[in-house]
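Going by the working numbering, the sequence shown wraps up at 1838, each residue one higher than the last. Where a beta carbon is used, it is the ideal one built from N, C-alpha and C, also for glycine. See structure below.
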Amino acid sequence: MRKALLAACCLMTTACKTAEPAPTPPQSEPTPPPVAEVKPLPPGLDGAALNEQADPCEDFYEYACGNWVKATEIPADRPRWSRGFDAIGARNEEILRDILVAASEGKAAQGTAYAQKLGDFYGACMDEAKLETSLPVLKAELAKVTAVKNAKELAQMVGTLHARSVFPLFRFSSSNDLKDATQMIGEVDQGGLGLPDRDYYLKDDEKSKALRDAYVTHMKNTFVLLGETPEVAAKSAAAVLALETTLAKASLSRVERREPKNLYHRLERKGLKTTAPGFAWDVYFPAAGAKDVQALNVTHPAFFQEVDRLTKATKPDAWKPYLTWHYVSSVVPALPKAFQDERFRFTAENLTGAKADVPRWKKCVRFTNAALGEALAQPFIAQTFGAEGKTTTLQMVVEIEKAFERNLDTLAWMDAPTREQALVKVRKIINKIGYPDRWRNYDAVQVDRGSFLTSYLNVSAFEQARQLAKIGKPVDKDEWFMSPPTVNAYYNPQFNEIVFPAGILQPPFFNREATAAVNFGAMGMVVGHEITHGFDDEGRQYDAEGNLRDWWTKGSDEAFRQRVACVKEQYDGYTAVDELKVNGALTLGENVADLGGLKLAHAAMEAWLARDAEAARQVNGYRFTPSQQLFLGYAQSWCSKYRTPFARQMAVVDSHSPPYWRVNGPVVNLPQFQQAFQCKEGAKMVRPAAQRCEVW
């Protein structure tokens, strides 16, 4: 036993000593066995994030992200932190801040578009001392808001507020005619709530009741800051909650709103007046900035019948706290610190769990990006994104679109007529990458360096006027609905387009140094995800031109419904946080897109490597196989941590599943994953073939 221990010690270190052995005859040294080559980790993957003690076939998210989750602390001002979206967003904000600071100091790079407006808007936002002087201006505005004496004046004031992008009661904007994708019409939609979702008003569980109580306290504290006594403020808050609860009861749920047909009722202005005759629409529309609008979609007529009833039944005095609350809550970023602190206290304690408020410079970067995004984007693009990035991403997009086309031929459940229409649609998808070809004009925006409240309201009014000016005009398919620095992507069914802003085309989603396999897993999956949205349970209802039109045969339609029902049932069985389950109906489109996107990315990678011998040689020179690299690249782009209050909020309002299930949910259905990691039947990451979900 003693000798065995000494021998083991010497195998680990040369510091071990033993007694002198007896002399032995010299012998020839045996030939050592060949040392297995240790391949390097593929660039683009984070070795420190991996938990290699975990079994990828039992919990792939833990294998790919486990050590990252253990080592990562959520920044104090954040409700969550992710290796992908949030890390990139933070880097982007640093770049945008440098651009805006230079502009505010008159040192913007030569040729910067709207440099003066960018600098003045950001500078006014950063002048916190002047924010403290905004209360008299606010109260002067509120005196007008609360002067409502009858139903006609209520309609006038609601229209006036809507023209400034303050939306009590309902929302009004422009939209594509869902059945004529070439034309823009007006649209009135449900709204008027202060909490994130109607369910917060309607659920009777203890946590929902506690949140409503906290909301009432928050409103009461805000009314006190406006000068009301605590007793009057409590009554004001209760009146607001009562009106909002009535509106919530009349509202469609988020799941109901996922069905496009539920939101299309082309009633025109005449039909709206018949539906809700008690609201003075002929007073409202001129005040809102659309005096002559006639073409009108009413998303949910029953909601406007309730607005009509409220208009008749509610006394003018009851509207005053409601209108005041919605005006004040919409401009909190431009108010004194006490208002911002109260907003942070409520949201942190009840909705986000954040430990510190967002630093002012970050808020001002975000507000400027929201207000003047395509002006701010131009110097950002010059620093971060070039023609090479656009070209490379387009190559990936085209490859994955081809993979979708090839995949159509493998779908036994889809008949030939429907397959032909699907092929037409995918071939007509418009690809937008990086930034617009034509930048937005901000000439009409008025910015006041001396008053952020004035500037904030001015840019809000500009944007609403820009939206309403579209009504009655042909659709502008060059328009972007995200600013280029945004870390996101989207599919727009009315345009049949996929859009990838420059903001997301950065590591870990897209990395010029990464292997092709890693990039296909991270960014390629995003591309495939957005393509699949054109064919999820919502997107499939639009044709190649963007019209809401049924192009499916009865047989293919029934087969599709069976397959998405499998996905819904799968995700209904997952826990989001605490006692809250994932809502399989709410998240259905995103889950279908995740599953299809990952499958498409893998197929596109295989085709790419089969065609490009050099890329194949490079990708095979690393530790993981190409398929393993792809799945790890995908998973590591979703490594995330959430604070519990925020996770609870997202379980109610977010159409995406939690990141843990965005990784593990799709892979359990993919034979390609099972093969890549040699997972055996019965492993948690392998669903039995009879239970496997496959749509696209």
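ask   = Quick one: what does DSSP say TRP1803 is sitting in, helix, strand or coil?
value = helix
message = Just list the residues that DSSP pairs TRP1839 with in beta bridges.
response = Only positions 1143 to 1838 of the chain appear in the structure, and residue 1839 is not among them; the question remains open.
ask   = In this structure, does DSSP put THR1729 in helix, strand or coil?
value = coil
key: Close beta carbons around GLN1436, own chain, < 7 Å, minus the five adjacent residues each side   = GLU1410, ARG1411
key: DSSP state of ALA1611 mapped onto helix, strand, coil   = coil
request  = For THR1717, name the three-state secondary structure that DSSP assigns.
outcome  = strand
task = Mind reading off the beta-carbon distance from PRO1627 to ALA1519? Whole number of angstroms is fine, and I expect it under 8 Å.
result = 6 Å
ask   = By DSSP, does ALA1305 sit in helix, in strand, or in coil?
value = coil
request  = For my contact list, TYR1802 and MET1667 are in at a C-beta cut-off of 8 Å; report their separation, rounded to the angstrom.
outcome  = So it is not a contact: roughly 16 Å between Cβ atoms.
ask   = What residue does the beta strand (DSSP E) around GLY1840 start on, and which one ends it?
value = As shown, the chain starts at 1143 and ends at 1838. That puts residue 1840 outside it, with no answer to give.
request  = Report the three-state DSSP secondary structure of VAL1382 (helix, strand or coil).
outcome  = helix
key: DSSP state of VAL1177 mapped onto helix, strand, coil   = Because the pLDDT of VAL1177 is 49, which lies under 50, any placement of that residue in the model is unreliable, and the number read from its coordinates should be weighed accordingly. VAL1177 falls in the coil class under three-state DSSP.
ask   = If you draw a straight line from the C-alpha of THR1695 to the C-alpha of HIS1675, how long is it?
value = 20 Å
query = Run through DSSP, which three-state label would LEU1394 get?
reply = coil
inquiry  = Measuring alpha carbon to alpha carbon, tell me which residue in GLU1680, GLN1482, LEU1389 is nearest PRO1310.
reply    = LEU1389
ask   = Could you give the distance in angstroms between the alpha-carbon of GLU1541 and the alpha-carbon of ASP1331?
value = 39 Å
inquiry  = Can you confirm whether the segment 1399-1419 touches the segment 1446-1461 when touching is taken to mean that 3 or more C-beta pairs between the two stretches lie within less than 8 Å?
reply    = yes
request  = Have a look at VAL1587 and PHE1509 and give me their C-alpha separation to the nearest angstrom.
outcome  = 14 Å
Closer than 8 Å to chain B by CB, TYR1584 = Protein chain content of the structure displayed is limited to a single chain, and chain B is not contained in it.
inquiry  = Short of 7 Å in beta carbon distance, which residues of its chain neighbour ASN1733, apart from the five on each side in sequence? Order them along the chain.
reply    = VAL1709, TYR1713, SER1799, GLY1807
inquiry  = Could you tell me the alpha carbon to alpha carbon distance between SER1769 and HIS1744, rounded to whole angstroms?
reply    = 7 Å
request  = Look at the alpha carbon of ARG1306 and the alpha carbon of GLU1711, and state the distance between them as a whole number of angstroms.
outcome  = 43 Å
C-beta atoms of LEU1737 and ALA1659 nearer than 8 Å = no
inquiry  = With H, G and I counted as helix, E and B as strand and the rest as coil, what does DSSP make of LYS1281?
reply    = helix
query = What do you reckon, are the CB atoms on TYR1684 and GLN1636 nearer than 8 Å?
reply = yes
query = Under a three-way DSSP split, which group does ARG1580 fall into?
reply = coil
message = According to DSSP, VAL1794 sits in a beta bridge with which residue or residues?
response = Beta-bridge pairing links VAL1794 to no other residue.
request  = Please confirm whether TYR1264 and CYS1506 have their CB atoms less than 8 Å apart.
outcome  = yes
query = Nearest-angstrom Cα distance between SER1276 and LEU1595?
reply = 7 Å
key: Under the three-state DSSP convention, the category ALA1164 falls into   = In this prediction, ALA1164 scores a pLDDT of 39, lower than 50, which makes its location untrustworthy; the coordinate-derived value is nonetheless stated afterwards. It is coil, neither helix nor strand.
ask   = Run through DSSP, which three-state label would LYS1362 get?
value = helix
ask   = The beta strand (DSSP E) with ALA1818 in it runs from where to where?
value = ALA1818 -> not in any beta strand (DSSP E); alpha helix (DSSP H) instead, spanning 1813-1818.
request  = Rounded to whole angstroms, what's the CA-CA distance from MET1665 to THR1302? Just pull it up for me.
outcome  = 44 Å
Residue closest to TRP1581, alpha-carbon to alpha-carbon, out of LYS1362, MET1624, GLU1543, TYR1632 = MET1624
message = What would DSSP say about GLN1169, mapped onto helix, strand or coil?
response = Legend: pLDDT at GLN1169 = 48, less than 50; position of this residue unreliable, value from coordinates given subsequently. Of the three classes helix, strand and coil, the one that applies to GLN1169 here is coil, per DSSP.
Beta-ladder partner(s) of ASP1322, from DSSP = ASP1319
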